[in-house]
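Asker:
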Amino acid sequence: MNNIINAELGGLYGSEVIKEMDEIIKLYEVYDGPGQNWIIDEQDYIPTKKKTNYIKKLIKEEARFLFGKAPTFTVQVEEDSLQDQAEEINKYIRNLLKINLFEDKLIKGARDCFIGKRIAIKLHADTITKTIRIMFVPSLEFVYEPFEDRVDELKKIIFFHQLNAAKLKQEQRIWKQKYEMVEGKCILNEGIYDGYGNVVDILAEDVDLKLSGIPAYVILNDGLSGDLKGESDVEEILDNGMAYNKLASEDIDTLRKGMNRTIYGIDVDSEASKHFKLKPGAYWDVATDPAAAEGKQAQIGTVETDFNYNERMENTLNRIKSDMHEVLNIPMINNQDLKGMMTSGKTMKALYWQLITRCEEKMKAWGPALEWMIKAILEIAEVYKIATLPNLEKFDVVVENQYPLQEDEDNEKTLDMQQVNSQVMSRKSYMKKWANATDEIADEELKQIQLEKQLLEDSFSQFETNILEDDE
């Protein structure tokens, strides 16, 4: 694998990427648990190793809050005459995302991004099944290179993974897929290689994909200007996570020592003590040592401990947990904290405000990537005739993120209804927002409302006519 990376990237950058991949592998081990290990130097007993894996819990919680409620994607046009065409495209996109299990992939992709510093969105046109596949590729399975003068655009990206577990390099089989922009064209090369980077089988060679750009987008987790790597959220809380596990393990050992106290004996016959059993309900025949001085009696006791550490231990563990929450801006809230509080939508937003702002910051990287994804899907669908869709020359893709927080729906509905009555919001928009109605269903409902209104007016008119005739 290293030979392939060096061949594609070369120089100092290639060496840095290989070195960083070893670091990322360790970060995944930390996330999974085995990487949260520490050296034991105690010889008198076997210390406890309790791995709570609070790191994994926090990373999952962060990803769940960001994408637990999936973003909405809308293709918008300014001209009213093109609204139906835009809605047709939106229906296709919603269906394609559903087929691809996009919501599940998105939240898992976010976890990979938080652990491995970056992730790639990759699109693949399946001309046989007439669909487009959406994939999230973790950082251990791709390397990339941007343009020198346009660091936001991909010049080259290489996807790879090992196909077998052979130890000998000549027996190893590695799949490699390379997209590269050459003179404004997106060129694909794909093949199977051995561990030395030698070609075993060519699957595609210098294929012009007829696309305006590479069908992939790299998302960096945080980082600085010009950064090509990103940052790992796991790395930020690693030290605290290790300290928490070690201290919690030592707490258990201390408790065990307190429960199983040290037993001492004075003037006890050594032969008798050999038969003492340390188990509940055991009977000890405590005989006095014959060599003891006259008048001495055998005694048995335990060494008491008067060290009171409970409160200090609890405070320290809570402080470490609080530090981990603080680093990721995740509020440390439990059901006990919420008792007696007004848990309205505004209150919950206030409690989660720091996490909301953190997620909004992350959406500065994810938002453009998801917008690109929708535009690239439409281009691929047109080039490879995956679907027959309206051709809109000018349109915008709006990605609106949603957070899984309780909303004050009743108040919001009331405000929206006031806007409908004052003709600031249309009835159709109200139905689409609160009833999750499609354009067709909303139109049918509006027709039915109009029909019932007309029937009511006709009935009222007929009633007035009958009254007038009776008066005459």
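Quick note on my numbering: the sequence shown kicks off at 5 and runs consecutively. Using N, Cα and C, we set each Cβ at its ideal position, and we do this for glycine too.
Roughly how many angstroms lie between the CA atoms of S216 and Y200, to the nearest whole one?
Answerer: Numbered from its first residue, the sequence shown carries residue 216 at position 212. Numbered from its first residue, the sequence shown carries residue 200 at position 196. Taking the straight line from one Cα to the other gives about 33 Å.
Asker: Do the CB positions of I381 and I50 come within less than 9 Å of each other?
Answerer: The sequence position of residue 381 within the sequence shown is 377, counting from 1. The sequence position of residue 50 within the sequence shown is 46, counting from 1. Not closer than 9 Å, so no.
Asker: Using the C-alpha atoms, what's the distance from T442 back to D108?
Answerer: Against the sequence shown, residue 108 aligns to sequence position 104. Against the sequence shown, residue 442 aligns to sequence position 438. Roughly 23 Å separates the two Cα atoms.
Asker: In angstroms, rounded to a whole number, what distance separates the CA positions of G188 and H329?
Answerer: Against the sequence shown, residue 188 aligns to sequence position 184. Against the sequence shown, residue 329 aligns to sequence position 325. Approximately 46 Å, taken between the alpha carbons.
Asker: Which value, in whole angstroms, describes the spacing of the CA atoms of Q301 and D293?
Answerer: If you number the sequence shown from 1, residue 301 lands on position 297. If you number the sequence shown from 1, residue 293 lands on position 289. Spanning the two alpha carbons is a distance of roughly 8 Å.
Asker: Quick one: complete beta strand (DSSP E) runs, 3+ long, within the stretch 368-425?
Answerer: Those beta strand (DSSP E) runs which fall completely within the stretch 368-425 and span 3+ residues are 400-404.
Asker: Quickly, what does DSSP pair F146 with across the bridge? List them, please.
Answerer: Translated into positions along the sequence shown, residue 146 becomes position 142. Beta-bridge pairing links F146 to F163.
Asker: Could you check where the beta strand (DSSP E) with K189 kicks off and where it finishes?
Answerer: Translated into the one-based positions of the sequence shown, residue 189 becomes position 185. 189-197 is the extent of the beta strand (DSSP E) around K189.
Asker: Given a threshold of 16 other Cβ atoms within 10 Å of its Cβ, counted over all protein chains shown, does R115 qualify as buried or as exposed?
Answerer: Taking the sequence shown and counting its residues from 1, the one referred to as residue 115 is at position 111. The residue in question, R115, is buried, as its Cβ has 16 or more Cβ neighbours within 10 Å.
Asker: Would you please state the rounded distance, in angstroms, between the beta carbons of E404 and T76? I believe it to be under 8 Å.
Answerer: Indexing the sequence shown from 1 puts residue 404 at position 400. Indexing the sequence shown from 1 puts residue 76 at position 72. So it is a contact: roughly 5 Å between Cβ atoms.
Asker: Out of A286, I111, D212, E12, which has the shortest C-alpha to C-alpha gap to Y388?
Answerer: As a position in the sequence shown, residue 388 is number 384, starting the count at 1. Among A286, I111, D212, E12, the Cα nearest to that of Y388 belongs to D212.
Asker: Should F140 be listed as close to the ligand NAP, given that the test is whether its C-beta is under 8 Å from any heavy atom?
Answerer: This structure simply doesn't include the ligand NAP, nor any ligand for that matter.
Asker: For E184 versus I191, is the C-beta spacing smaller than 9 Å?
Answerer: Stepping through the sequence shown from its first residue, residue 184 is reached at position 180. Stepping through the sequence shown from its first residue, residue 191 is reached at position 187. In contact: E184 and I191 (Cβ atoms closer than 9 Å).
Asker: Comparing C-alpha positions only, which one of I119, V186, K112, Q181 sits nearest to F151?
Answerer: Along the sequence shown, one-based indexing puts residue 151 at 147. Nearest C-alpha to F151: V186.
Asker: Once you ignore the five residues that flank D231 on each side, which residues in its own chain have a CB closer than 7 Å to its CB?
Answerer: The residue labelled residue 231 in the question sits at position 227 within the sequence shown. The answer, listed in chain order, is L224.
Asker: How big is the Cα-Cα spacing for K457 and A439?
Answerer: What you label residue 457 is simply residue 453 of the sequence shown in a count that begins at 1. What you label residue 439 is simply residue 435 of the sequence shown in a count that begins at 1. The straight-line gap from Cα to Cα measures roughly 21 Å.
Asker: Which of the three DSSP states is assigned to Y356 in this structure?
Answerer: On the sequence shown, position 352 is the one that residue 356 refers to. Residue state, collapsed to three classes: coil.
Asker: Which residues share a DSSP beta bridge with H128?
Answerer: Counting from 1 along the sequence shown, the entry for residue 128 is found at position 124. H128 is bridged to R137.
Asker: Helix or strand or just coil, what does DSSP make of F151?
Answerer: Sequence index remark: in the sequence shown, residue 151 carries index 147 (1-based). DSSP places F151 in coil when its eight states are reduced to three.
Asker: Mapping DSSP to helix, strand and coil, what is K64?
Answerer: Stepping through the sequence shown from its first residue, residue 64 is reached at position 60. Three-state result, K64: helix.
Asker: Is there contact between the stretch 268-276 and the stretch 233-251, where contact requires at least three CB pairs shorter than 8 Å?
Answerer: These segments do not touch.
Asker: How is G113 classed by DSSP in three states: helix, strand or coil?
Answerer: Residue mapping note: residue 113 aligns to position 109 of the sequence shown, counting from 1. Correct three-state label for G113: helix.
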